[in-house]
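Asks:
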Amino acid sequence: MAKDHSPANYKSFHFLCYLLFFLCFLYSISFIYYSHCYSPCSPQTTINSPPYNHSSTINLISFPSSWNQLSFSSNPPPRHLKIALFVKRWPRQNLAGGLERHALTLHLTLARRGHDVHVFTTNSSFSNSSLPYYSNAALTFHPIPPSPGGYLNQALAWKEFQIQNSSQPFDVVHTESVGLFHGRARNLTHVAVSWHGIAYETLHSDIVQDLLREPKEPRHSSFSDKLGKVVEEVKFFRNYAHHVATSDHVGDILKRVYMIPEGRVHIILNGVDEEIYKPKPSSTRSFRRKFGVPESAQLVIGMAGRLVKDKGHPLMFECLKRAFMEDSRFKTSVFVLVAGDGPWASRYRDLGPNLILLGPLDQTQLSEFYNSLDIFLNPTLRAQGLDHTFIEAMLSGVPVMGTRFASITGSIIVGSEVGYTFQPTVESLKESIFKAFSDGRAVLRKKGESARIRALRLFTAKKMGAAYERLFLCISDNLYCNYPLPADREK
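Using the working numbering, the first residue of the sequence shown is number 1440, and each one after it goes up by one.
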């Protein structure tokens, strides 16, 4: 078939090249800012700094930093809201990604605060047509058949939403990513969307993964399509009235690159249940003993999540393989516990008895897992969102090690006091692991203490729930957009 070499096509191609260069330039500036300047330059990143304080009243809508820094009242809410949640899937036991876990943790917190939460989600989220029950929580589920593509059927979900809205209007509509499509959301003034990863971030991820592919491995077919997805997002994101960025970096991108007005972008960092993830020294030795970690182990490293390529497991596999070959003491005294499952599980088994596969764990088991570690490592190659595993480990009092992506260095590992970062290369990762090994347990325990202090200040379910509650109150009534309110000043 003949190719079209018309001037119009060449112009289009050159335009896309220039646009890609421009976007990558902006991304590079942002990445440099967050990776290098952000940590020392922003008061927000001081590990043990006190909560953000204002002597005068401010308007929350224009607050430029994360709402997690603010101290909202823990008293019962001034009014109870009727909240509609649109989410593709609801978590099923330990079979849940970060978005689904965020939906559960947040809305369970809000429901237990007395708010009336209605969940519009696919009926495939529930086995045997049995809806989940949560004590002391006003959660009402509206199971919807999925679309042919497996998404939430928008027409059916919207019809059910209108039925529920007709009797008593919803005060606020919340969608986890595109649970509610922009075509439906464009006419709602009281809608907020939480982004757990945007196409712009994937450009960096794709560049990293392309650089790491084998010489004979073909480039992924979707590599050249991502730029178009970014452009499409820039076009339709504006249809949502309010945007919640789950990391400081994404908040910056939404404002600067996606050109969303600052008053419509709000940064609320993810949080996890602090009653589940906390230090439990008594479980450390028992968990290690259960899975065959000897008392003589000098360093116990942990990883958790899906064992797939884009989570960085090829990188981690090669790193451990080289480390075991290069250092005999490292090979005999370092043990790696891996919670999760996926294609790379079988490869890890080839590394020998010091690599222990635990399989998928529920929340209680995960809590014990974190407590058994000297350091938690997430080798992800996805520069998207704010990974819950970092937060779970930090709340458990464990230092963390992660890829030097802007969302991680800008919100999670903001300094060496809480852990280590590495470039997404085998050598850089190996260097960081050897550094943790040489630092030893005394240094790691101190980093873990600092990590927990930071996590308690910013990343608890209580903190996240309070921030979203105030945002939803603010969306429903401008009165609540002022900070601090008299109740916020009460201790």
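Ideal Cβ placement from N, Cα and C applies to all residues, glycine included.
Note that the structure is predicted; figures quoted are calculated from it, not measured.
(1) Please check the pair I1583 and F1620, which I expect to be a contact at CB under 8 Å, by giving their CB distance rounded to whole angstroms.
(2) My output table needs one value for F1911: the three-state DSSP class, helix, strand or coil.
(3) In the DSSP assignment, find the beta strand (DSSP E) that holds L1543 and state where it starts and stops.
(4) In angstroms, rounded to a whole number, what distance separates the CA positions of Y1787 and S1855?
(5) For the beta strand (DSSP E) that contains K1521, what are its first and last residues?
(6) Over what stretch of residues does the beta strand (DSSP E) that includes N1817 continue unbroken?
(7) Anyone know if the C-beta pair for L1868 and D1813 falls short of 8 Å?
(8) Hey, is A1624 close to the ligand GDP, as in C-beta under 7 Å from one of its heavy atoms?
(9) What does the Cβ neighbour count give for Q1648, buried or exposed, with the cut at 16 atoms within 10 Å?
(10) Report the start-end ranges of each alpha helix (DSSP H) in the segment 1580-1615 that is 4 residues or longer and not cut off at the edges.
(11) Please name the residue, chosen from R1552, V1773, L1627, that lies closest to S1877 on a Cα-to-Cα basis.
(12) Does the beta-carbon distance from V1747 to G1791 come in below 8 Å?
(13) Going by the CB atoms, is the gap between L1805 and F1898 shorter than 8 Å?
(14) Considering Cα atoms alone, identify which of S1505, G1741, A1905, L1759 is closest to V1704.
(15) Find the nearest neighbour of A1523 within the set Q1607, P1753, K1885, L1759, judged by alpha-carbon distance.
(16) With H, G and I counted as helix, E and B as strand and the rest as coil, what does DSSP make of A1577?
(17) Using a threshold of 8 Å, state whether the C-beta atoms of W1634 and V1670 are closer than that.
(18) Give me the Cα-Cα distance between F1873 and S1846, rounded to the nearest whole angstrom.
(19) With DSSP collapsed to three states, give me the class of V1857.
(20) What are the uninterrupted segments assigned as alpha helix (DSSP H) that are 4 or more residues long and contained completely in the segment 1634-1668, given in chain order?
(21) Which value, in whole angstroms, describes the spacing of the CA atoms of I1699 and R1677?
(22) Is the Cβ-Cβ distance between Q1593 and R1625 less than 8 Å?
(23) According to DSSP, is T1685 helix, strand or coil?
(24) Taking the alpha-carbon positions, what's the D1555 to S1725 distance?
(25) With distances taken from CA atoms, which of R1761, H1752, V1775 is nearest I1740?
(26) Measure the alpha-carbon distance for L1538 versus E1615 and round it to whole angstroms.
(27) With respect to the beta strand (DSSP E) encompassing H1629, which residues constitute its N-terminal and C-terminal limits?
(28) Between the beta-carbon of N1507 and the beta-carbon of K1902, is there less than 8 Å?
(29) Once the 5 residues before and after N1604 are set aside, which same chain residues still bring their CB inside 7 Å of it?
(30) If we call anything under 8 Å between Cβ atoms a contact, is A1926 one with S1512?
(31) Report the residue ranges of all alpha helix (DSSP H) runs contained in full by the segment 1787-1812; include only those spanning at least 4 residues, in chain order.
(32) Buried or exposed for I1914, going by 16 or more other Cβ atoms inside 10 Å?
(33) Between E1714 and T1803, what straight-line distance do the alpha-carbon atoms span, to the nearest angstrom?
(34) Determine whether the beta carbon atoms of L1816 and S1850 lie at a separation below 8 Å.
(35) Can you check whether the CB of H1546 is closer than 8 Å to the CB of L1578?
(36) Between which two residues does the beta strand (DSSP E) harbouring L1776 extend?
Replies: Reading from the atomic positions:
(1) With 8 Å as the limit, I1583 and F1620 do not qualify as a contact, their Cβ atoms being about 13 Å apart.
(2) helix
(3) Unbroken run through L1543 is the alpha helix (DSSP H), 1537-1551; no beta strand (DSSP E).
(4) 29 Å
(5) 1521-1525
(6) 1814-1817
(7) no
(8) The model depicted lacks the ligand GDP and carries no ligand whatsoever.
(9) buried
(10) 1593-1606
(11) Here the closest residue by C-alpha is V1773.
(12) no
(13) no
(14) S1505
(15) Here the closest residue by C-alpha is Q1607.
(16) coil
(17) no
(18) Their backbone Cα atoms lie some 24 Å apart in a straight line.
(19) coil
(20) 1638-1651
(21) About 6 Å.
(22) no
(23) coil
(24) 41 Å
(25) V1775
(26) 7 Å
(27) Taken as a continuous stretch (DSSP letters only), H1629 belongs to no beta strand (DSSP E), as it is neither H nor E.
(28) yes
(29) none
(30) yes
(31) 1802-1810
(32) By the 10 Å Cβ count, I1914 comes out buried.
(33) E1714 and T1803 have their alpha carbons spaced roughly 11 Å apart.
(34) no
(35) yes
(36) Start and end: 1773-1778.
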